[in-house]
Each structure stands twice: as structure tokens, then as C-alpha cells.
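Report on the structure given below.
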Amino acid sequence: MSSPAHELLSRVFGYNDFRGPQQAIVEHVAAGNDALVLMPTGGGKSLCYQVPALLRDGIGIVVSPLIALMQDQVEALRQLGVRAEFLNSTLDAENAQRVERALLSGDLDLLYVAPERLLTQRFLSLLERSRIALFAIDEAHCVSQWGHDFRPEYRQLTVLHERWPHIPRMALTATADPPTQREIAERLDLVDARHFVSSFDRPNIRYTVVQKDNARKQLQEFLGRHRGAAGIVYAMSRRKVEETAQQLCAQGFNALPYHAGLPAEVRAKNQRRFLREDGIIMAATIAFGMGIDKPDVRFVAHVDLPKSLEGYYQETGRAGRDGDPAEAWLCYGLGDVVLLKQMIEQGEAAEERKRLERAKLDHLLGYCESMQCRRQVLLAGFGETYPKPCGNCDNCLTPAAAWDATVASQKALSCVYRSGQRFGVGHLIDILRGSENERIKQLGHDQLSTYGIGRDLDERTWRGVFRQLVAASLLEVDSEGHGGLRLTDASRQVLKGERQVMMRRENPAAGRERSAQRTGLPVQPQDLALFNALGGLRADLAKEQNVPAFVIFHDSTLRNIAEQRPTSIDALSRVGGIGGGKLARYGAQLIEIVRDQG
């Protein structure tokens, strides 16, 4: 006999079974208990609060900072027949009052609300007069003062426990390392909540890291393998975002910019196009992306180094939410490291914050330079052990050879020392390779004992040597000066021959031959005509209702219909992803298309 949770899952959402820990979470919260839920993007996090909210008496209150996306989230629930609304600053007074009346009369199942709206005395008094099923605090990592998504309002959400101690609360996030998990529990007064921590693994995402050589050309080659697919290209600065978007458009890609310096209406328009149109590439700073619920993002590319492994995981997690193959591609060089270290040191943060930011950057550099399976290194950063190499990253597919770089390291370190520990990598390589440029001669560096002793290695290899020496803390960046390199205490061991230095040999083929992979759904040839016809219906319905196509049906649902070819309402009801609400609204049209396609 199926449980009430299973019955509701099938009737409303159209799924036969819960995934992973979903059922345990739903039953725990539906029984009136608190929970802290850590689940990767694409793992079905929203079901964990939607189902218990519908099972319990009253209205589920969902606290979310994602104002721009609430409308789509609510519309997706309405498609299922769920009475959902949102309250945030985008609503005019008349519509806000209509939602408030529905809240008071109990004519709602779920209400999404921005934290700043929830914390007003007016709204808290409305809640006092309403019947509440549960509180779900989404994107709970926003409470962490160390994260780049920090929202001070989240610190005040302890008011929910103070005013409604017997109403279950859940905090949910897709990204939180162990220290952040502890901070969430403490800051939100969820110390006694049960923790549900899913695997952070996203098995459908392929991870690739390449040495920055000619970033513009490298990005063009990478995107050429994903032509026609939706994706995100992250850059560090607003200027770089604008330049990247322009370059991609000139190369024939459909690209838009997104950063905090753009007018709000331009950002909203570009985000809307990204969500609603196919094949858009968004060139963006990290201002874009938190909570982006577009399932068919096929790639996330970074043309600059992120600030932390946690941030990198969160950003790459926006790819492949539909479970189909996706790629996370990172192109970085020593210049990125120099710039980020300068930003840390020259920032106004307290020393404790700077120390943490340095450690996070070093952790990310360890990931970038590792010869181990990328997935193993990435998951270890979240306290998770991945048992064996994944077979779906560059280090597994095209392993880099290790080489004994002890002598090369000694030459590099000696050159740094003899030139005065104040020059950047370009100048140091010129010295080592015996360049005859004017600056070398003016500074007298053609007279140094290290001049010309590195002619046996090309410039690309030397750049790899210096980059890996910095990553291994055998060199450090003079962040307060002009970004020159200087020795560390550990350098002396190498110079004295007391420490061997092994490095990864740069593999120009990495991320090229093996990276090409399908960017679309694996639809069988015999099903393609029906799949495309169903997609045409979905596009028409989405345009008519002014919602993204995936709000109507996910690609995976269309694929299931194309494979199973149901010709009756009963048969269609057994297709995954079609609940009672969508069956009633669209069932006849879907069956007609299936029959027409034979």
C-alpha cells in the first residue's frame, strides 16, 4: 500500500518514486520535525519542501532571495494544479493585496516570499493570523558571512522559530562545505535539526581544466563543440563580460552580457531571454546564476579563475540539471592567481577574512593542478570520499604525465632570487630563455648567472612551471606591490636539493579530442520526428502563456512520450513527469500528436 507522500507525488507531480533521500526528508518534515537539507543542484531539492507542505494542514512559506525567478517557480507549480503565489517587490499594491487576502483565507498551498518582505511587521502579523504548514528557507548558504551570496536578512530568520516554535522549519542549499553547514545550523537556530546530506556528485558533468594560452581562441574552440546549446561563460570583471559577449556575437554565437553594472531592466530582459529561448550563451560575472532553474544548460565555462572551490562547484552546478551530459570547463593562468591575490591583500576585509580567502584560493589551486581525478578532489572539498576515478574528467580521460621538475624549479627559483624578487613571470621567462629584448639589457639582467639557462624549455612549459610553483606555495605573489614573484620559506629546500618537485606535464590535447560529447538529449532516430513535434507544441504553449518551455514540460518528459507513444489518457498518465494537472490541461493535445505521428 502506497504512503500518502507517494500518492501525492504520483497524483500531483507525475513521478512514481522518490529519489535518494527525498522520501526520508519528506516524511521527517511532514511529521513536524526540523531539517537541514544539503542536496546538489538537480537533485530534486524543491520536492523536499513542496510535498510536505501539501501533505500538512496550512500554507507552506518558502523564503527565497531569488526574486527574479519566483514567477517561474510559481507558474511551474500552477501548471501542476498547486495553488501557489509569490510576494516580492515586483508586485504592484493591488496584486500584493490579492495575495495577502489569499494567505489569510487559506486559499493557498505555497507562498514564496523574499526575506526582506517576510521580516516586515506587516507580513509577520499576517502570518500570525494564518495557518502555516511549514517554513522552508531556500538558498540557506546566504546566511554565511564568508560566502559571496551573503544576505544579512537571513541572520534575522531566527524570528520564525521564536514566534512559531512548533511549526517545522527546513533550511535547504545545494552548496555548503562542512564549516558553512555548521554556520547555517547555528545562525538559523537549527542546532537540533536532523541533517540530510546527499552526495555532492554530479555524475553527468565532465570537468576539464586547461592552461590559459590564448583564452579567446580556446573559448571559441570549446564553444564550437557546443554550438546551438545554452550555456554560461563566467568572467571576473564587468569589462571582460562585455568584451566576451561582443566577441561571441561576432563569432556567430547568440550571446548576452549580465553583470551588476547593467541597468536592472537590461539584466531582467537578458535573464528572461536566457530562460525562455534556446541556445543563448550568457557571458556573466558571478552576479548571475544563483537559483537559475534552466534544466538544459549544457556547459559552464570559466575564462578566469573563481575565488574558491565552493564557488566553482556552485557555478558549475548550473549545468546539466536535466541529468543529461554537460561540461564544466575552466581556463586559467598565473595572471589570474596574481590578480586574485592582489584583490585579497588590497581589500578592506579584516585579517581573519583575508586568511580564509587565501586558504580557499589555495584549495582551488590544488584542484586545478592536481593530477588526481577531478571529481575526487572536488568532492573531498565537501568532506566526501569518492571511491574510484570517475572516468568523466580530463585527468581520467587524458591523464597528464608527471615529470621531475626539480632542476627546472631550481632554475626558476634562482632566477626569482637573482633578479631581486620583484618581477613578473613574463620577464623571468625572458631571462631564463636568454631574450635579447631592450628591457633585459637596460636592467643588466643579461649579466645574471641565470640568463639563458632555461633555453631547453619553451615558454609554455616555463609558464606551467611558475604556475605550479605558486600553487605549491614554493613561490608567492607580492600582492601589495606590482604582482612580482618572491621566494617562500619552502623555496630554500628546493634550492638546496633537499626536496624533489614533481609536476604535471602540460597536455595540449587535454580537453580537445575527448571532450566532444553530445550536447542534446539522446533521442533515438525513430523517435526524433515525434520528439520534435511535441517540442513544437510545447513552444506554442509556452509562448501563449508567456513562460519558459521547461515550465510546460521538461525535455525528459517529451523524450519519455516519444519513446512510449501513449495513445490514451490512461497510458499517458503512466509517463514520468505528467501529473493530474498537466494530464487534464494538455493530455488530449499530446495524444493527438502521438497519433498523427503514427
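The working numbering numbers the first residue of the sequence shown as 3 and each following residue consecutively.
Glycine included, every Cβ here is placed at the ideal spot set by N, Cα and C.
Here the structure is a predicted model, which is why all the values come from computation and not from measurement.
- In the DSSP secondary-structure assignment, V115 is bridged to V65, L89.
- Taking the CA atoms as reference points, R357 sits about 28 Å from A330.
- Residue pairing of P259 in beta bridges, as defined by DSSP: A285.
- By the criterion of a C-beta distance shorter than 6 Å, A473 is surrounded in its chain by L367, E371, once the five residues flanking it on both sides are discounted.
- Contact holds between the region 256 to 266 and the region 288 to 296, because three or more Cβ pairs, one in each stretch, are under 8 Å apart.
- With a minimum length of 4 residues, the unbroken runs of alpha helix (DSSP H) contained wholly in the region 340 to 426 fall at 353 to 371, 376 to 382, 396 to 399, 408 to 420.
- Note that the C-beta distance between Y114 and F137 is not below 7 Å.
- For V84, same chain residues with a beta-carbon under 8 Å away, outside a window of 5 residues either side, are V14, Q52, L56, D111, L112, G583 in chain order.
- Pairing L93 with Q99, the inter-Cα distance amounts to about 9 Å.
- By the Cβ neighbour-count rule, F152 is exposed, with fewer than 16 other Cβ atoms within 10 Å of its own.
- In this structure, the straight-line span from the alpha carbon of I283 to that of D59 is close to 43 Å.
- Spatial neighbours of H30 in its own chain (CB-CB distance under 7 Å, excluding positions within 5 residues in sequence) are listed in chain order as A37, R196.
- The closest CA to that of G16, considering only L585, R435, R597, is found on L585.
- The C-beta separation of T452 from R420 comes to about 5 Å, placing the pair in contact by the 8 Å criterion.
- Nearest in C-alpha terms to Y369, of all of A78, D140, A414, K309, is K309.
- Residue pairing for F301: DSSP places it in a beta bridge opposite G233, E329.
- If the five residues before and after H484 are omitted, its C-beta is found closer than 8 Å to the C-beta atoms of R424, G426, all from its own chain and listed in chain order.
- By the neighbour-count criterion, in which 16 or more other beta carbons inside 10 Å mark a residue as buried, S239 falls on the exposed side.
- Residues Q495 of the same chain have their beta carbon placed closer than 6 Å to that of R501, with the five preceding and five following residues left out of the count.
- Assigned with DSSP and collapsed to three states, L497 falls in helix.
- Out of H556, G34, A573, the CA that lies nearest to the CA of D298 is found in H556.
- Just so you know, the alpha carbons of R278 and V549 end up roughly 7 Å apart.
- Beta bridge pairing from DSSP links Y334 with Q213.
- Of all alpha-carbon atoms in S91, L489, I139, G313, the one lying nearest the alpha-carbon of Y156 is that of I139.
- The three-state secondary structure of I169, taken from DSSP, is coil.
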